[in-house]
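Colleague:
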Amino acid sequence: MKPYSPPYIPASEITPKDTFENRRAFLQKAGFGVAAGTIALLNHPVRAAETAVKSPIIQPVGAGKKIAQYKKTAFGAEEKLTSYEDVTTYNNFYEFGTDKSDPAKNAKLFKTQPWAVSIEGEVKKPKIISLEDIIKLAPLEERIYRMRCVEGWSMVIPWLGIPLAKLIQWAEPTGNAKFIEFITLNDKQQMPGQNLPVLDWPYVEGLRMDEAMHSLTMLAVGLYGEQLPNQNGAPLRLVVPWKYGFKGAKSIVKIRFTEKMPRTSWMKAGPREYGFYANVNPNVDHPRWTQSSEKRIGAGLFAGRIKTQMFNGYAEQVGQMYAGLDLQKNF
Ligand SMILES: Nc1nc2c(c(=O)[nH]1)N[C@H]1C(S)=C(S)[C@@H](COP(=O)(O)O)O[C@H]1N2
Ligand SMILES: [Mo]
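Once you know that position 311 of the sequence shown is 310 in numbering that gives the first Met the number 0, the rest is easy, because the numbers rise by one and skip nothing.
1) How long is the line joining the alpha carbons of F301 and L139, rounded to whole angstroms?
2) Less than 7 Å between the C-beta atoms of G269 and C148, yes or no?
3) Just to confirm before moving on: does the CB-CB distance between G96 and N105 stay below 7 Å?
4) Go through its chain and collect everything with a Cβ distance to P201's Cβ below 7 Å, but skip five positions before and after it.
5) Quick one: residues in its chain with C-beta nearer than 7 Å to the C-beta of M309, no 5 flanking neighbours on either side, listed in chain order?
6) Apart from the five residues on each side of it in sequence, which residues of its chain come closer than 7 Å, Cβ to Cβ, to E171?
7) Note down the Cα distance separating M146 from A314, rounded to an integer number of angstroms.
8) Counting by C-beta, which residues lie closer than 7 Å to a heavy atom of ligand 2, in chain order?
9) Using a threshold of 6 Å, is the CB atom of W87 nearer than that to any non-hydrogen atom of ligand 1?
10) What residues in its chain sit with their C-beta under 7 Å from that of N194, if we drop five residues either side in the sequence?
11) Does the Cβ-Cβ distance between A176 and F109 come in under 7 Å?
12) Mark T289 as exposed unless 16 or more other C-beta atoms lie within 10 angstroms of its C-beta, in which case mark it buried.
13) Write down the C-beta distance between M217 and P162 rounded to the nearest angstrom, noting that I regard them as a contact closer than 8 Å.
14) Assign R271 to one of two classes, buried (16 or more other C-beta atoms within 10 Å of its C-beta) or exposed (fewer than that).
15) Going by beta carbon distance, what residues of the same chain come within less than 7 Å of G247, once the five residues before and after it are set aside?
16) Which term fits V45, buried or exposed, when burial requires 16 or more other beta carbons within 10 angstroms of its beta carbon?
17) DSSP state of G318, grouped into three classes?
18) Could you give the residue range of the beta strand (DSSP E) that holds V220?
19) Indicate the three-state DSSP secondary structure (helix, strand or coil) for Q188 in the structure shown.
20) Among the residues of its own chain, which have a CB less than 6 Å from the CB of D199, if the five just before and after it don't count?
21) Are L141 and L159 touching if we call contact CB-CB under 7 Å?
22) Using 10 angstroms around the beta-carbon of T173, count the other beta-carbons present and answer buried if the total reaches 16, otherwise exposed.
23) Looking at the unbroken beta strand (DSSP E) that takes in P157, where does it start and where does it end?
24) Between the C-alpha atoms of E131 and G303, what's the straight-line distance to the nearest angstrom?
25) I need the boundaries of the beta strand (DSSP E) containing I254, first residue and last residue.
26) Should G346 and D85 be called a contact, given that it needs their Cβ atoms to be closer than 7 Å?
27) How many Å lie between K331 and A103 at the Cα?
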């Protein structure tokens with residue numbers, strides 16, 4: 000991949016106070032203590048200081064880099080948000096471990112800068128686009144989406160991103176492109192979970208072209224007004240609110256246009272349990288549990304389960320794409 004260096008959120012958009020606080024928080028978390036003088040006592044003071052300055056995206060939970068400019072939209076404004084803490088500490092990101100608390104712990108030092116995405120397959124010509132250039136394709140906007148994991152829990156998350164359609168238009172797919180594959184970084188050094196045969200690595204997900212072009216489908220670079228925390232798929236992940244969470248591939252490095260339906264990592268792991276469509280559907284149970292209800296994370300010990308809605312409640316917007324498709328067979 001072609002290397003590039005500029006940070007994707009210009010430093011000018013970050014207030015000096017944020018910069019200071021984040022750096023201090025990072026140093027603290029990294030065990031360097033708070034006072035600047037403490038750094039000089041370390042064996043490699045210069046390297047320590049450099050790491051802190053050069054890795055603005057590495058940060059402890061709750062001290063993310065603010066994204067200064069984005070459009071607030073009314074989308075989802077009526078929803079009660081899941082807390083930042085729950086959104087960033089209860090995660091599925093198997094590359095960093097299979098427990099919900101693993102990604103927040105194990106992804107701290109994950110390097111997401113520089114970052115670029117390779118655009119391949121059925122396109123006029125293959126290209127590489129930097130993260131910086133991706134966020135220039137359209138104004139960043141905030142949208143609040145309900146998210147439903149196939150495991151039976153859900154959250155409400157204020158995402159920041161651009162419509163995936165903007166990148167697809169830029170990519171110039173050929174007439175043969177019927178599907179798109181999204182491929183996560185493959186890096187056993189940085190992603191300890193990839194040393195275990197939990198899934199066929201790298202993580203691969205896919206969408207049909209019309210699903211990918213749908214205005215609800217986002218490429219997210221942030222949440223809660225901040226750059227994506229590493230555990231949530233930094234620096235760039237897919238968000239498809241009417242499908243089970245596993246469709247939302249994290250830390251994407253390749254986007255491949257294909258003629259044939261991609262075989263995704265979850266389809267390979269359990270073809271009877273995880274279909275290509277993965278539309279949220281209370282009428283099609285997972286072979287091992289019901290999909291008719293869900294637990295809203297953070298709702299409290301005594302909150303009951305919520306009834307799961309068809310297409311996660313987005314049927315009005317997306318239902319038309321599946322007219323005539325047998326949703327029992329094509330789960
Ligand atoms: N690369 C990658 N992407 C992934 C996963 C994963 O393990 N690896 N897990 C998926 C699943 S099952 C869910 S529910 C969502 C969780 O996203 P969140 O942790 O940001 O809520 O990420 C999806 N994307
Ligand atoms: Mo999930």
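For every residue, glycine included, the Cβ atom is placed at its ideal position computed from N, Cα and C.
Modeller: Short version:
1) As a working mapping, residue 301 is identified with position 302 in the sequence shown. As a working mapping, residue 139 is identified with position 140 in the sequence shown. F301 and L139: Cα-Cα distance of roughly 37 Å.
2) Indexing the sequence shown from 1 puts residue 269 at position 270. Indexing the sequence shown from 1 puts residue 148 at position 149. No.
3) As a working mapping, residue 96 is identified with position 97 in the sequence shown. As a working mapping, residue 105 is identified with position 106 in the sequence shown. Cβ distance < 7 Å, so G96 and N105 count as in contact.
4) Within the sequence shown, residue 201 is the residue found at index 202, counting from 1. Correct list, in chain order: I182, T183, L184, N185.
5) What you label residue 309 is simply residue 310 of the sequence shown in a count that begins at 1. The answer, listed in chain order, is N280, P281.
6) Within the sequence shown, numbered from 1, the residue matching residue 171 stands at position 172. V122, K123, listed in sequence order.
7) Here residue 146 is taken as the residue at index 147 of the sequence shown, counted from 1. Here residue 314 is taken as the residue at index 315 of the sequence shown, counted from 1. Distance between the alpha carbons of M146 and A314 is about 14 Å.
8) N91, C148, V149, E150, Y243, G244, F245
9) By 1-based counting over the sequence shown, the position of residue 87 is 88. In the sequence as displayed, the identity of residue 87 is Thr instead of Trp. In this structure, T87 has its CB at a distance of at least 6 Å from all heavy atoms of ligand 1.
10) Translated into positions along the sequence shown, residue 194 becomes position 195. Counting only Cβ-Cβ distances below 7 Å, and skipping sequence neighbours, we find K187.
11) To locate residue 176, count along the sequence shown from 1; it is residue 177. To locate residue 109, count along the sequence shown from 1; it is residue 110. Taking 7 Å as the Cβ cut-off, A176 and F109 do not qualify as a contacting pair.
12) To locate residue 289, count along the sequence shown from 1; it is residue 290. Exposed, since its Cβ has fewer than 16 Cβ neighbours within 10 Å.
13) As a first step, residue 217 is located in the sequence shown; it is residue number 218 there, counting from the start. As a first step, residue 162 is located in the sequence shown; it is residue number 163 there, counting from the start. Right, the Cβ-Cβ distance comes to about 6 Å (below 8 Å), so this counts as a contact.
14) In the sequence shown, the residue the question calls residue 271 occupies position 272. Exposed, by the Cβ-count rule.
15) The sequence position of residue 247 within the sequence shown is 248, counting from 1. Cβ within range, chain order: R236, L237, V238, V239.
16) Working through the sequence shown from its first residue, we reach residue 45 at position 46. Caution applies to V45, whose pLDDT of 34 falls short of 50 and renders its modelled position unreliable; the value that the coordinates give is listed next. Per the 10 Å Cβ criterion, exposed.
17) As a working note, residue 318 is residue 319 in the sequence shown. If DSSP states are grouped into helix, strand and coil, G318 belongs with the helices.
18) Position 221 of the sequence shown, counted from the first residue, corresponds to residue 220. If you look at V220, you'll find it in the beta strand (DSSP E) that goes 217 to 222.
19) The residue given as residue 188 occupies position 189 in the sequence shown. Reduced to three states, the DSSP call for Q188 is coil.
20) Walking along the sequence shown from the start, residue 199 turns up at place 200. Cβ neighbours of D199 beyond the five flanking positions: S264, K267.
21) Position 142 of the sequence shown holds residue 141. Position 160 of the sequence shown holds residue 159. Here residue 141 is Glu; the residue named in the question, Leu, does not match the sequence. Their beta carbons are under 7 Å apart, which means E141 touches L159 by this criterion.
22) For the purposes of this step, residue 173 is taken as the residue at position 174 of the sequence shown. That one is exposed.
23) As a working note, residue 157 is residue 158 in the sequence shown. 152 to 162 is the span of the beta strand (DSSP E), which, as asked, contains P157.
24) Residue numbering aside, residue 131 sits at position 132 when the sequence shown is read from its first letter. Residue numbering aside, residue 303 sits at position 304 when the sequence shown is read from its first letter. Distance between the alpha carbons of E131 and G303 is about 43 Å.
25) Along the sequence shown, one-based indexing puts residue 254 at 255. I254 -> beta strand (DSSP E) spans 251 to 257.
26) The chain is shown only over 0 to 330; residue 346 falls outside these bounds and no answer can be derived.
27) Past the boundaries of the shown model lies residue 331; the chain is included only from 0 to 330, so the question cannot be answered.
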